[in-house]
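**Student:** Below are the structure tokens for one structure; questions will follow.
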Amino acid sequence: MSEVFDEERPMQPRSSRRSRALIVTAVVMVLLFLGLSTFARLYTDRLWFKSGGYGEVFSIMFWTRTGLFLVFGALMGIVVGVNMYLAFRFRPFFRPSSPEQNGLDRYRDAVTPIRTWLLVGISVVLGAFAGSSAIGQWRSYLLWRHGGSFGEKDRWFGKDIGFYVFELPWLHYLVDFTMAVLVVALIAAAVVHYLYGGIRLQTSRDRLSGAAQVQLSVLLGLFVLAKAADYWLDRFDLVTRSGPRITGMNYTGHNAVLPAKNILLGIAIICAVLFFINIWRRTWLLPSVGLALLAVSAILLGLIWPGIVQQFQVKPSEADKEAPYIEANIKATRAAYDINDVEVEEFSPSTVLSGGAPLKTVDEKTASIPLVDPQLVRAAFEQNQQGRAYYSVADVLDVDRYEIAGNDRALVLGVRELDQNGIPSSDRNWSNLHTVYTHGNGVIAAYANQRPEDNSAQIANAESDSSSQDAGIVWAQGLGSDQDGLARSVGEFEDRIYYGEESPEYSIVGKTSESARDVELNLPTGGDAGDDTTTTYDGSGDAAVGSLFNQLMFAVKYGEPNFVLSGRVNDDSRVLFNRNPRDRVEEVAPWLTVDSDPYPAIVGGRIQWIIDGYTTTDRYPNAEKDSFDEMTDDSLQVDTGLQTLPTDEINYMRNAVKATVDAYSGEVKLYAWDESDPILQAWSDAFPGTVLPKSEISDDLMKHLRYPEDLFQVQRYQYARYHVTNPGDFYQGNNRWEVPEDPYERGTFQPPYRLYIDNPGDSASEVFSVTSVYVPYQKNNLASFVSVDSDATSEDYGAIRVLQLPTTGNPVEGPGQVANTFQSDPEIADLLAQFNRSGAEPRFGNLLTLPVNDGLMYVQPVYASRAGSESSYPILRYVLVSFGGDIGYGPTLYDALRQLVGETGGGSETPTEPGGGGGGGGDGGGTGSIDVRIERLLREANQAYSAAQDALAEGDLGAYQEHVNDAQDAIEEALALSAQRDPEASGGGATEEPSPSPSESATAE
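Heads up: the sequence shown at position 557 corresponds to 1384 in the numbering used here, and the numbers run straight through without jumps.
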């Protein structure tokens, strides 16, 4: 048997060598693959940045990250390697024989032949880990290099805020890195000393050699010295530390934690000195005592003592003790979130429309209310306006404003983007997906505050009809639109969408070299009719893909050999990638927090995606720190996209940048908006030339810039608590507000809405605003109404106004209560029950709040769609209104207001429906009879105004004037009939009757 083993033994080394060769080969192949993939990604990214004019951004980012990796990786590797070498170099040459040393001999025998490779390998691996960690610190490094001053000092340390935002994070990293290096070096040196006999654990004396004692003493002394520096820096973290009540310095922090940090700093320095003295004294007694003292002090002073102070000094009189710290927190928070200059007006809303307000007055004040819900009408946009199954619009549509026929009109818009999920499965091949179906087409727009003039006859039938072009919507731009108001307003524009929120991962565009023909499908003119048309992209694209090397790089990047093999890829081809507008802005400005809602606008004959960019930090001293996700979590929120901080907590935010992305060319432009923001100034210095000055924003673009919703949501969240400026009231929670819950989406905030509003007491024209409301904390009644001027062309842009309701007296219903009133009202419930009988289901749209005639009115559209049908879409059927506790409803806002005015405008009866007894004075029913005639005249005036608008658009001024005269004659006759009313029946005096409603016609001007 022994002979057999002897014969087989020579075979094992060869087998082992083959195994090692296979392992080495596999490792080399994996490294080559990873290296090639990394190079392909970097190379194609560089092409992308250069084509967009941001090559300098790529270079700065690449070299900054590379430099951090090399410097900090080298520091870690060198320090660890040197300490391992020194431990081996000064190992004892004579080791007393002992069981411990005899057991280590076999490890020494195994390590000695490869000790150099082992030292280099460990140093390189640890250096790689350290370098990789340092790459993530590029933001802190660049802000430290380029940051400046805020021009304001914090209250407790007297340091400029820029120290906390720009310098402190980088100093913290340097100290933490130093401690990490020393710990790793200490462990590595201790292991080498133990392996080679410098440390003997199983002896009663002389356990450490002289060299080991010196080396470990130096490393421990340096570590404790670094810990002293860490204690010094930790002092400044007290002003950004989250506490149980506020963020920032508090009484316990100021009077217990801060002194404790100073004491621990001193103890750490003494302890470090003792370790350095140990180099000569060669006794561990004093350093051990010092280290034990430091550990015990850290527990007693850092944990127990602050708890004692909090329990026995602060809690018995917490309001008084914390008052100066709460005051500092209030001041810093209001400054950090830019809510210092909120205009607050005490507002006692009337429960009766003032002066028995006539319907004309009420209708004028509510004419701009957007009844087209951007969330609910998506299906209607797709069913009626998408043209092909492979087109789609966003889940939540956007709201913008355009000047149409001389009037500012709010529009609900959706870009008709490419949705490759609609391509038949039989046609889903690489060529079609990436060279044929490449782009979307056009913009779909509907008037936000306008319904078709007469669709009341359809109300009983809630089932949608795919052939209908109504759906309760008046189109301002779209397929087959008879009122193409947007197109007339903006003129011809490039309607192809190559860059959008739903664009494919990549597309290869350009004519084929053989036939030079168009190959990309384009939306046929006229909608669904006609044959498919083709086009080709003639922009610059993101990168040329014609050369063999570029084809190979993109093939590796996407794992797709067709880049090299397909005949569709030639010398003229270009590849489009990174096509989401938000992604493009994040790439060229990686320091920005990008708004969650890019919105399209037609500017200068191009469709531009407009995106707001924010500078944020969590290091603003004493400002309240909260979760960005939580502050912006409303029922319409899709994704915050916060990406500039390790966590989503912030305590400072500015709308620093307005960015645009061309939907055809993909060109990205960044415009400075808040040019006074110190963080923006630092990043502009770090990436020179990337942010254009605000003065370069064109007038056409300026008209479409608006106050961003994410910023408004953060500000309204903070102002709910920080509108209280008295520290005592703040501590007690007096008059604290909160953003109400969405009545129809439990667990999320009610979203803000964009409206034209006219604040009470303000005689100026209506202002395009972002609006919301507050309710008292954990209550449902209304506390206040808040709005911010959203018109970027206005001098008051960004002005936040709050109408604060009294805390005493009869409370005003909040959104949840009004929604409950609407749903529980017997008449409304009976009205909506017809949907259930027809197999449809009601869907409640935006519950809007706005000031009207010294009061607050709620308006809510009600949609209906056939339940369980994929082809159905919501159709606007009714409008509900509430004012002063009274409600009105009808198929249009005008009808709902008419009923509301009849109930609250002074006691007059609700007018009967047209056709219910027309004619003149009728016996026993004079008032009702007059109302019928007035209604008929108003409808005639309404139709005449609509005809006048159409004639004006066609340039027929003669017909326009004729229709205007007809409308005026009808209104004058209606007013004359109104004057004949019995004064008692009309509320004590004659009232004007309504003019045609802008909410039911193209214009009411």
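Built from N, CA and C at the ideal position, the CB exists for glycine as well. Because the structure is a prediction, the values reported are computed rather than measured.
(1) Three or more beta-carbon pairs under 8 Å between the region 1129-1145 and the region 1103-1115, yes or no?
(2) To the nearest angstrom, how far is the alpha carbon of Ser1503 from that of Tyr881?
(3) By the 10 Å Cβ neighbour count, where 16 or more other Cβ atoms means buried, how is Ala1122 classified, buried or exposed?
(4) Which residues does DSSP list as the beta-bridge partners of Asp1365?
(5) Can you list, in chain order, the residues of its chain with a C-beta nearer than 8 Å to that of Val1045? Leave out the 5 residues immediately preceding and following it.
(6) By DSSP, does Leu1046 sit in helix, in strand, or in coil?
(7) Taking 8 Å as the CB-CB cut-off, is Ala1370 touching chain C?
(8) Can you give the Cα-Cα distance for Tyr1601 and Ser1175, rounded to whole angstroms?
(9) According to DSSP, is Asn1449 helix, strand or coil?
(10) With distances taken from CA atoms, which of Ile1434, Phe1576, Asn1256 is nearest Glu1319?
(11) For Pro1071, does the count of other Cβ atoms within 10 angstroms reach 16, so buried, or fall short, so exposed?
(12) If I follow the unbroken beta strand (DSSP E) through Asp1235, where does it start and stop?
(13) Going by DSSP, what residues sit across from Ala1486 in a beta bridge?
(14) Can you give the Cα-Cα distance for Gly1431 and Gln1545, rounded to whole angstroms?
(15) What's the C-alpha gap between Asp1569 and Pro1505?
(16) For Ala1053, count the other beta carbons within 10 Å of its own beta carbon; 16 or more makes it buried, fewer makes it exposed. Which is it?
(17) In this structure, what does DSSP give as the bridge partners for Thr1360?
(18) To which residues of the same chain is Ala1039 closer than 6 Å at the C-beta, ignoring the five residues directly before and after it?
(19) Would you tell me roughly how many angstroms separate the C-alpha atoms of Pro1133 and Trp983, rounded to the nearest one?
(20) Tell me, please, which residues DSSP counts as bridged to Trp1257.
(21) Who are the Cβ neighbours of Leu1049 in its own chain at under 7 Å, not counting the five residues just before and after it?
(22) Hey, Ala1207 and Leu1238: beta-carbon distance below 8 Å or not?
(23) Using DSSP bridges, identify the partner residues of Ala1273.
(24) Alpha carbon to alpha carbon, how far is Leu970 from Phe993?
(25) Tell me where the alpha helix (DSSP H) around Thr1644 begins and ends.
(26) State buried or exposed for Met825, treating a residue as buried only when at least 16 other CB atoms are found within 10 Å of its CB.
(27) Kindly indicate which three-state DSSP category Asp1461 falls into: helix, strand or coil?
(28) Between the alpha carbons of Val1179 and Val1708, how many angstroms are there, rounded?
(29) Looking at C-alpha atoms only, which residue of Leu1240, Thr1160, Asn1211 is the closest neighbour of Val1199?
(30) Is the beta carbon of Gly1214 sitting closer than 8 Å to the one on Glu1244?
(31) Below 8 Å on the Cβ atoms is my contact criterion, and I expect Tyr1152 with Asn1077 to pass it. Report the Cβ-Cβ distance as a whole number of Å.
(32) Helix, strand or coil for Val1689, going by three-state DSSP, please let me know.
(33) Based on DSSP bridge pairs, tell me the residues matched to Lys980.
(34) Tell me whether Lys1485 is buried or exposed, calling it buried when 16 or more other Cβ atoms sit within 10 Å of its Cβ.
(35) Using CA coordinates, which residue listed in Ser959, Ala867, Glu1209, Arg1704 is at the minimum distance from Thr1719?
(36) Based on the DSSP output, what are the partners of Pro1603 in its beta bridges?
**Tutor:** Straight from the coordinates:
(1) no
(2) Here residue 1503 refers to the residue found at position 676 of the sequence shown. Here residue 881 refers to the residue found at position 54 of the sequence shown. So the alpha carbons of these two residues sit roughly 24 Å apart.
(3) Here the question's residue 1122 lines up with position 295 in the sequence shown. Exposed, by the Cβ-count rule.
(4) Walking along the sequence shown from the start, residue 1365 turns up at place 538. Within the DSSP bridge table, the entry for Asp1365 names no partner.
(5) If you number the sequence shown from 1, residue 1045 lands on position 218. Excluding sequence neighbours, Val1045 sits near Phe1102, Phe1103, Ile1106.
(6) Sequence index remark: in the sequence shown, residue 1046 carries index 219 (1-based). In the structure shown, Leu1046 sits in a helix (DSSP, three-state: H, G or I).
(7) Among the chains of the structure shown, chain C does not appear; only one protein chain is present.
(8) Stepping through the sequence shown from its first residue, residue 1601 is reached at position 774. Stepping through the sequence shown from its first residue, residue 1175 is reached at position 348. C-alpha separation (whole angstroms): 15 Å.
(9) For the purposes of this step, residue 1449 is identified with residue 622 of the sequence shown, where counting begins at 1. Asn1449 falls in the coil class under three-state DSSP.
(10) Along the sequence shown, read from residue 1 onward, the residue named residue 1319 stands at position 492. The candidate whose alpha carbon is nearest that of Glu1319 is Ile1434.
(11) Taking the sequence shown and counting its residues from 1, the one referred to as residue 1071 is at position 244. Exposed.
(12) The residue given as residue 1235 occupies position 408 in the sequence shown. Counting along the chain, the beta strand (DSSP E) containing Asp1235 begins and ends at 1234-1242.
(13) As a position in the sequence shown, residue 1486 is number 659, starting the count at 1. In the DSSP output, where bridge partners are listed per residue, Ala1486 has Ile1438, Leu1497.
(14) For this step, residue 1431 is matched to residue 604 along the sequence shown. For this step, residue 1545 is matched to residue 718 along the sequence shown. Using only the alpha carbons, I get a separation of about 38 Å.
(15) Walking along the sequence shown from the start, residue 1569 turns up at place 742. Walking along the sequence shown from the start, residue 1505 turns up at place 678. When rounded, the distance between both Cα atoms is 36 Å.
(16) For the purposes of this step, residue 1053 is identified with residue 226 of the sequence shown, where counting begins at 1. Buried: at least 16 other Cβ atoms inside 10 Å.
(17) If you number the sequence shown from 1, residue 1360 lands on position 533. The partner list for Thr1360 (beta bridge, DSSP) reads Asn1349.
(18) Counted from its first residue, the sequence shown places residue 1039 at position 212. Cβ within range, chain order: His1020, Gly1025, Ile1026.
(19) Residue numbering aside, residue 1133 sits at position 306 when the sequence shown is read from its first letter. Residue numbering aside, residue 983 sits at position 156 when the sequence shown is read from its first letter. Between the alpha carbons of Pro1133 and Trp983 lies a distance of about 18 Å.
(20) Here the question's residue 1257 lines up with position 430 in the sequence shown. Trp1257 is not bridged to any residue.
(21) Residue 1049 sits at position 222 when you count from the first residue of the sequence shown. The answer, listed in chain order, is Leu1009.
(22) Here the question's residue 1207 lines up with position 380 in the sequence shown. Here the question's residue 1238 lines up with position 411 in the sequence shown. No, the Cβ-Cβ distance between Ala1207 and Leu1238 is not below 8 Å.
(23) Residue mapping note: residue 1273 aligns to position 446 of the sequence shown, counting from 1. Answer by DSSP bridge pairing, in chain order: Val1239, Trp1302.
(24) Here the question's residue 970 lines up with position 143 in the sequence shown. Here the question's residue 993 lines up with position 166 in the sequence shown. Using only the alpha carbons, I get a separation of about 5 Å.
(25) Here the question's residue 1644 lines up with position 817 in the sequence shown. Checking the displayed sequence, the identity of residue 1644 turns out to be Gln instead of Thr. Element bounds for Gln1644: 1642-1651.
(26) With the chain covering 828 to 1832 only, the question about residue 825 has no answer from this structure.
(27) Stepping through the sequence shown from its first residue, residue 1461 is reached at position 634. Asp1461: strand per DSSP, three-state reduction.
(28) The residue you call residue 1179 lines up with position 352 of the sequence shown. The residue you call residue 1708 lines up with position 881 of the sequence shown. Computed Cα separation, rounded: 14 Å.
(29) In the sequence shown, counting from the first residue as 1, residue 1199 sits at position 372. Here the closest residue by C-alpha is Leu1240.
(30) In the sequence shown, residue 1214 corresponds to position 387, counting from 1. In the sequence shown, residue 1244 corresponds to position 417, counting from 1. In this structure, Glu1244 does not lie closer than 8 Å to Gly1214 by Cβ.
(31) Against the sequence shown, residue 1152 aligns to sequence position 325. Against the sequence shown, residue 1077 aligns to sequence position 250. Between Asn1077 and Tyr1152 the Cβ distance is about 5 Å, and since that is below 8 Å, they are a contact.
(32) Stepping through the sequence shown from its first residue, residue 1689 is reached at position 862. Strand, per DSSP.
(33) In the sequence shown, counting from the first residue as 1, residue 980 sits at position 153. Looking at the DSSP assignment, Lys980 forms a beta bridge with Asp987.
(34) As a first step, residue 1485 is located in the sequence shown; it is residue number 658 there, counting from the start. Lys1485 should be labelled buried.
(35) By 1-based counting over the sequence shown, the position of residue 1719 is 892. Looking at the Cα atoms, Arg1704 is the closest of the given residues.
(36) For the purposes of this step, residue 1603 is taken as residue 776 along the sequence shown, with counting starting at 1. DSSP lists Trp1564 as partners of Pro1603.
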